[in-house]
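Below is one structure, written out as structure tokens; the observations come after it.
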Amino acid sequence: MSPAHTSPRWGIVVLLLLSVCINYVDRGSLSVAAPVLSDEFLLSPRKLGYLLSAFFWSYTAFQLVVGWLVDRYDVKWVYAGGFLVWSLAMAATGLANSFAALFAARLVLGIGESVFLPSVSRIVVRLFPAEHRGLPNALVDVGTKIGPGLSTLLGGLFIGRYGWRALFIGVGLASLLWLLPWIYSVPGDPVQADRQRKRGPGMSEILSRRETWGTSLGMFALGYVWIFLVTWLPSYLINERNYSVEQMAVFGSLPFWGMAVASLTGGWASDLWIARGGTPTRVRKTFAGTGLILCAALMLPAAFLMNPTLSLGFLIASCVSLGIFTSNVWAITQTLAGPEAAGKWTGIQNFIGNLGAVISPMTAGWIAQQTRSFVLAFVVAAVILVLGATCYLLLVPRVEPVAWRKSE
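FYI, in the numbering used here the residues of the sequence shown are -17 to 390.
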């Protein structure tokens, strides 16, 4: 995976994009099936919130473990192993016949999918120089938007025709085909021996940096809001905006398509801006701060407007703004961490970020149950976005490689 070989490295990016689409289809399918599952298993909004958050309990806990693994072992096989686990867990969800079985399957799914971001950061850092990481990160990030879009659109239509069990089993087993091109076309890590001898900074040194906390708290805001949308948007559209399942499948996917376009455009534009003389600090922070603040400003009208069409329009615009943020967020982290610490820093950042994802479904479910509305849930999300933007802008003074003092 040498940066000198242009075509092979973009082929790897395409495989990562496909795997991330599958990743987010798998994690988002439960949200699409939630209205049906609630009736079949007699789930209250609070209990459904616990089920929707179960994935993030194990996913978050394993971020630090995976960050450690990918900085020491061949990321090709770490990622392949995680992919196998999460695909089988997806299929097992379709066989569940109780709340406990569903909960257990989601926990295993979270363990498998925890390999995603630390592995991607390790790969992108090795393949691309800092000034060219906006586009490859954006392409991978597109998968995080296409996946929920597909799970909402196709998953909703599939459930309406074949039932929720067929969706989980079919997608889980079919996904295993992705492993074939990954195993046979992606080379192993040629610098594994060097990595074992020079392991880079330890967790304590990374945690001592204010930049780590800036990017991590910004990621907490993203995790909270993004997972709030992924997990509760289908139920919100059906229960509060009176969409049918088929309408939810079509219109509920539009915000994710908007995010995908914004992320790809933002990654391309940021790299172009830097190539034309913009500093990484100015470019990356402009995209990050603007995206979070605009998302918050546009989310509030979406919650308060009575007209469902106008509300959906503001919601799409809000998600487009969030895509502006996500187009550059990982390029910032990878530049700061460098190849010595990309895996561990990403693990820490995603661990803290997904604490937001852990509490988001439960908090939104509790608010919906207590107030019989999602309005307050949207207000809370907007406040968290503003706080996240503030942390990002104040705690990350410059986007440049950190000079690490020592190695483990």
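Where is the CB? At the ideal position from N, CA and C, for every residue including glycine.
- Each of Ala323, Leu282 and Gly137 was checked against the Cα of Leu367, and the nearest Cα belongs to Leu282.
- Between Phe238 and Gly131, the C-beta gap is smaller than 8 Å, which places the two residues in contact.
- Excluding its 5 nearest sequence neighbours in each direction, Gly234 has C-beta neighbours in its own chain below 6 Å: Thr134, Leu215, Pro216 and Leu219, listed in chain order.
- The beta carbon of Leu358 lies closer than 8 Å to those of Ile349 in the same chain, with the five residues before and after it left out.
- The alpha helix (DSSP H) runs of length 4 or more contained entirely in the stretch 233 to 287 are, from start to end of the chain, 236 to 257 and 262 to 286.
- Judged by DSSP secondary structure, Gly182 falls outside any alpha helix (DSSP H); it is assigned neither H nor E.
- Straight-line spacing of the CA atoms in Ala120 and Leu84 works out to 32 Å.
- Look at Val97 here: in three-state DSSP terms it is coil, with no helix or strand label.
- A Cβ-Cβ distance of about 6 Å is found for the pair Gly49 and Thr328, placing them in contact under the 8 Å criterion.
- When C-beta atoms of the stretch 3 to 21 are compared with those of the stretch 318 to 336, fewer than three pairs fall below 8 Å, so the two segments do not count as touching.
- It is roughly 22 Å from the alpha-carbon of Leu34 to the alpha-carbon of Ser198.
- Secondary structure note for Gly370: its alpha helix (DSSP H) is the uninterrupted segment Val357 to Leu377.
- Val302 is positioned such that its CB atom lies no closer than 8 Å to that of Ala257.
- Separation of the CB atoms of Ala270 and Gly200 is rounded to 7 Å, and the pair is thereby assigned contact status at 8 Å.
- In this structure, Ile306 and Gly273 form a Cβ contact; the two beta carbons are roughly 4 Å apart against a cut-off of 8 Å.
- With respect to the 8 Å criterion, Val102 and Leu(-2) are classified as neighbours on the basis of their beta carbons.
- Counting only runs of 3 or more residues that sit fully inside the stretch 63 to 91, no beta strand (DSSP E) segment turns up.
- Selection Ser342, Leu149 and Thr315 evaluated against Tyr206 yields Ser342 as nearest (Cα-Cα).
- DSSP places Val302 inside the alpha helix (DSSP H), whose first and last residues are Pro290 to Thr353.
- Between Val97 and Val60, the CB-CB gap stays under 8 Å.
- Contact between the stretch 65 to 82 and the stretch 150 to 161 is present: three or more C-beta pairs spanning the two stretches fall below 8 Å.
- The straight-line gap separating the alpha-carbon atoms of Ser40 and Asp8 is approximately 15 Å.
- In the three-state reduction of the DSSP assignment, Val18 falls in the helix class, which pools H, G and I.
- Each of Asn289, Thr261 and Ala364 was checked against the Cα of His114, and the nearest Cα belongs to Thr261.
- Judged by DSSP in its simplified three-state form, Pro216 adopts helix.
- Per DSSP, Leu159 lies in no alpha helix (DSSP H) and is assigned neither H nor E.
- Taking the Cα positions, Gln45 is about 32 Å away from Ile141.
- Closest by C-alpha distance to Gly335, out of Trp312, Thr317, Gly320 and Ser190, is Trp312.
- Short of 6 Å from the beta carbon of Ala371, and not among the five residues preceding or following it, lie these beta carbons of its own chain, in chain order: Gly271, Leu274 and Ile275.
- Exposed is the label assigned to Ser190, since fewer than 16 other Cβ atoms lie within 10 Å of its Cβ.
- Relative to Ser167, the option among Gly(-7), Phe360, Met344 and Leu375 whose CA is nearest is Gly(-7).
- Bounds of any alpha helix (DSSP H) do not take in Val168, whose DSSP letter is neither H nor E.
- Membership of Pro118 in the alpha helix (DSSP H) is indicated by the continuous run Gly116 to Tyr144.
- Assigned with DSSP and collapsed to three states, Leu51 falls in helix.
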